[in-house]
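Right, one structure below, let's go through it.
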Amino acid sequence: MRFILLTALCFGATTWAQLSAVTSFLATEGPIAKVGLLANIGGSGSKSAGVKAGIVIASPSKSSPDYFYTWTRDSSLVFKAVIDSFVRGEDASLRTQIDQYVASQAVQQQVSNPSGTVSSGGLGEPKFNVDLSAFTGGWGRPQRDGPALRATALIAYGNWLIANSNTTFALSTIWPIVKLDLDYVASNWNQTGFDLWEEVNSSSFFTTAVQHRALREGAAFATKLGQTSVVSGYTSQATNTLCFLQSYWNPTAGYVTANTGGGRSGKDANTALASLHTFDPSAGCDAATFQPCSDKALSSLKVYVDSFRSIYTVNSGIAATDAVATGRYPEDSYYGGNPWYLTTLAVAEQLYDALTVWKAQGSLNVTAVSLPFFQQFNSTIAVGTYPSTSAIFTTLTTAVYNFADSFVAVVQKYTPSGGALAEQYTRAAGVPTSAADLTWSYASVLTAAAARNGLTGDSWGAKGLVVPSSCSTSGSGSGSGSSGTVAVTFNVVATTVYGENIYLTGSVDALQNWSPTNAMILSPANYPTWSITVNLPANSAIQYKYIRKYNGATTWLADPNNQLSTGASGAATVNDQWR
Ligand SMILES: *[C@@H]1O[C@H](CO)[C@@H](O)[C@H](O)[C@H]1NC(C)=O
Ligand SMILES: *[C@@H]1O[C@H](CO)[C@@H](O)[C@H](O)[C@H]1NC(C)=O
Ligand SMILES: *[C@@H]1O[C@H](CO)[C@@H](O)[C@H](O)[C@H]1NC(C)=O
Ligand SMILES: *[C@@H]1O[C@H](CO)[C@@H](O)[C@H](O)[C@H]1NC(C)=O
Ligand SMILES: *[C@@H]1O[C@H](CO)[C@@H](O)[C@H](O)[C@H]1NC(C)=O
């Protein structure tokens, strides 16, 4: 976390009015948004009667449209905002909802649904009923961003727990959930699925970007927890997704194409949202990960914004370089195709994040790719590096800040006096429409306001990544053996009491060298059979044992040690009983 004051910016007199109007709007709307968000979380939420504790509803609206369900994507994005706020020390009481969310997700993951079971693709199911039973109606499934986003939210909490002397909870409760999600991502990132708007069945930039982030930070989180057997698999698939991520960039038109299918222009809020949700404050303006201040993300943002200038009546008469209402994508026809609160705020948030990095770096680059973006603010600006001591840096950062504020001002203009935020506001008159009290709309106010104050989430390892020169889809993904290893699945039948878990350790590095502390937790997905797949050195004789952990006590399986011999390659399974 870093807090960078934008005090060095010098605001021209004409902009003070808007600046203070946006400041006061956010000062009023922020608390309303927080109340609105918490109302939509089961357990204590005032608009969530009948919703399981910790479960986020998309909206309390039960008809026209019926959003009274829980979506894995929306819930994860909402809880990432809640967890970041908690981690920043803004509200310690949020831990109650966070712990209920954690518990609810451990249950939700195990619910068999039309996408499969927990071990056969069920984690890609996009939405569930609010009592956590499966939703069995027709839907755009699977959606493969959900598991990645949930892992990212839970890793943020897990890292806080580790930093606050509670590695036990991170390992026993957070890690098993995260591991299931990341194993899913590592195995399925290269499969087709529906995009975040649930319409296009192809590959989608947002999905690939958040998968990359989750795998990358998942490898680091696993390392911290001593779960080293998954690290090389997650890292190699992260590198593969980073490589694939580059292919969405359209160099001639200067924007990120949102989906590989769908037959649209590909100009879509998908790409700005991806930049926000994969923002790493220590990665600079890295274009390989499409950081908010990267030339590619800025160019893409301009193309996206401009695509709404002439199609919405609410935008008519607005100068070509001023902020406008933006929606999901220009071809949108859902509810007539309207601007959305969360997409308009996403433009502002990307720019606030960019400003935070430029200020921290003390310079700003204008490249051939980002030139059209910067020309909005100075039509004669040239390609170059502008240090923070230069007048041009001040001109550009001030203009970008005002431009960002103007998007918030658009939202302000179309927010009803009570501050309630629906999903959309109409293209003709800016009147709220579609689902009322959209949880994600409220979360987007909170994250945009935090970004405006220079607040960021944690770094996740985006700094200095190298994109391979040619893309691959192979690697030592969890469960698939890499060179010189054999993927061994350990199954052990063991009855346990609630809260008790089964772990594995043994005689080699990949089994944590007989360490009871670093022993690897097994999945109870097929209880009473507990399972884990580990890549072990090929052609080796290996000894191992299972451990029970309960309430801080560790119990080893009785002697003698179990043994196995690995072959030259491939996969193997051992079936054991607790004795
Ligand atoms: C660790 O965190 C969990 C979840 O909030 C909590 O229930 C538990 O009391 C914490 N343990 C310690 C030792 O702080
Ligand atoms: C799988 O990855 C390869 C290599 O990056 C890429 O060409 C292909 O489009 C990807 N397919 C899907 C469905 O992700
Ligand atoms: C989505 O696309 C994949 C790959 O083309 C296809 O196998 C699958 O049936 C499609 N799903 C739906 C629901 O259309
Ligand atoms: C600007 O570009 C230079 C050279 O291309 C690079 O070394 C530097 O990190 C960039 N700075 C920013 C702020 O992006
Ligand atoms: C706009 O850019 C030009 C060319 O780099 C520069 O000379 C001029 O000072 C800039 N204008 C402002 C207001 O910064």
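For the sequence shown, the positions run -17 to -1, 1 to 562 when mature numbering (1 follows the signal peptide of the UniProt record, and there is no 0) is used. Just so it is clear, CB atoms sit at the ideal spot from N, CA and C, and this is done for glycine as well.
Point to revise | Which of helix, strand or coil DSSP assigns to Thr19 | key: Note that residue 19 is Gly in the sequence shown here, rather than Thr. Looking at Gly19 - three-state DSSP - the assignment turns out to be helix.
Review point. For Phe152, which residues from the same chain have a beta carbon less than 8 Å from its beta carbon, with the 5 sequence-adjacent residues on both sides left out?
Key: Leu144
Exercise for review: Would you check whether ligand 1 has a heavy atom nearer than 8 Å to the C-beta of Leu144?
Suggested key: yes
Check your understanding: Between the stretch 45 to 52 and the stretch 120 to 127, do at least 3 Cβ pairs fall closer than 8 Å?
Key -> no
Point to revise | Check your reading: residues with Cβ closer than 5 Å to ligand 6 heavy atoms | key: Judged by which ligands are present, ligand 6 is missing from the structure shown, whose ligands are ligand 1, ligand 2, ligand 3, ligand 4 and ligand 5.
Practice item. Taking only heavy atoms of ligand 2 into account, decide whether any of them is closer than 8 Å to the Cβ of Asn173. Key: yes
Point to revise | the stretch 406 to 420 / the stretch 235 to 254 touching (three or more Cβ pairs under 8 Å) | key: Touching, no, given that fewer than three Cβ pairs across the two stretches are closer than 8 Å.
Check your understanding: For Leu281, which option in Ser316, Ala387, Ile138, Ile15 has the closest C-alpha, if you only look at C-alpha atoms?
Key -> Nearest option by C-alpha distance: Ala387.
Check your understanding: Is the stretch 430 to 444 touching the stretch 360 to 377, taking contact as three or more C-beta pairs under 8 Å?
Key -> No contact exists between the stretch 430 to 444 and the stretch 360 to 377.
**Study point:** Beta-bridge partners of Phe177, as assigned by DSSP
**Key:** Asn184
Exercise for review: Grab the span of the beta strand (DSSP E) containing Ala555 for me, first residue to last.
Suggested key: 554 to 560
**Study point:** Distance cut-off 8 Å: Thr372 Cβ against heavy atoms of ligand 5
**Key:** no
Exercise for review: Leaving out five residues on either side along the sequence, give the residues of the same chain with a beta carbon under 7 Å from the beta carbon of Ser212.
Suggested key: Ala493, Met503, Val517, Asn518
Review point. When the Cα atoms are used, what is the spatial distance from Gln546 to Ala524?
Key: Distance between the alpha carbons of Gln546 and Ala524 is about 7 Å.
Review point. Do Thr190 and Leu179 have their CB atoms nearer than 9 Å?
Key: Yes, Cβ-Cβ distance for Thr190 and Leu179 is below 9 Å.
Practice item. For the stretch 392 to 404 and the stretch 370 to 381, state whether three or more C-beta atom pairs, one from each stretch, are separated by less than 8 Å. Key: Result no; under three Cβ-Cβ pairs closer than 8 Å.
**Study point:** Residues near Ser498 in its chain [Cβ-Cβ closer than 8 Å; skip 5 each side]
**Key:** Excluding sequence neighbours, Ser498 sits near Gly209, Thr488.
Review point. Between Gly99 and the rest of its own chain, which residues show a CB-CB distance below 7 Å, the 5 nearest in sequence each way excluded?
Key: Gly105
Review point. How long is the line joining the alpha carbons of Ser29 and Gln274, rounded to whole angstroms?
Key: 37 Å
Practice item. Starting from Arg56, follow its DSSP beta bridges and name the residues at the other end. Key: DSSP output for Arg56 lists no bridge partner at all.
Practice item. Please look up how many angstroms separate the CB atoms of Ala434 and Tyr529, rounded, as I've assumed it's under 8 Å. Key: Actually they do not touch by this definition, with Cβ atoms about 47 Å apart.
Practice item. Within its chain, find whatever has a CB closer than 7 Å to the CB of Gly25; leave out the 5 residues flanking it on each side and keep chain order. Key: Scanning its chain for C-beta atoms nearer than 7 Å, with the 5 sequence neighbours on each side dropped, one finds around Gly25 the residues Ser31, Val34, Lys35, Ala36, Gly37, Ile38, Val113, in chain order.
Point to revise | CB-CB length for Leu132 against Ala426, believed under 8 Å | key: With 8 Å as the limit, Leu132 and Ala426 do not qualify as a contact, their Cβ atoms being about 12 Å apart.
Practice item. List in chain order: all unbroken alpha helix (DSSP H) runs of 4+ residues lying wholly within the stretch 431 to 472. Key: none
Practice item. May I have the straight-line CA-CA distance separating Gly553 from Ala521, to the nearest angstrom? Key: 9 Å
Point to revise | Straight-line Cα distance separating Phe8 from Ser424 | key: 15 Å
Review point. For the stretch 477 to 486 against the stretch 529 to 539, are there 3 or more C-beta pairs whose distance is under 8 Å?
Key: yes
Check your understanding: Counting Cβ pairs, one atom from each stretch, are 3 or more of them under 8 Å apart for the stretch 219 to 230 and the stretch 449 to 458?
Key -> yes
Review point. Tell me the DSSP bridge mates of Ile138?
Key: Answer by DSSP bridge pairing: none, since Ile138 is not bridged.
Check your understanding: Which residues count as close to ligand 5 when the rule is a CB under 5 Å from any of its heavy atoms, in chain order?
Key -> Asn361, Thr363, Ile364, Ala365, Ile375, Thr378
Review point. Is Val391 closer than 9 Å to Ala308 when the C-beta atoms are compared?
Key: no
**Study point:** Gly237 versus Ser44: straight-line alpha-carbon distance, rounded
**Key:** 39 Å
Exercise for review: Mind listing, in chain order, the continuous beta strand (DSSP E) runs of no fewer than 3 residues lying wholly within the stretch 352 to 402?
Suggested key: Correct list: 367 to 370.
**Study point:** Assigned secondary structure, Tyr217 (DSSP; H/G/I helix, E/B strand, else coil)
**Key:** helix
**Study point:** Length of the line joining the Cα atoms of Ser277 and Asp269
**Key:** 6 Å
Exercise for review: Kindly indicate which three-state DSSP category Ile485 falls into: helix, strand or coil?
Suggested key: Assignment of Ile485 by DSSP, reduced to helix, strand and coil, places it in the strand class.
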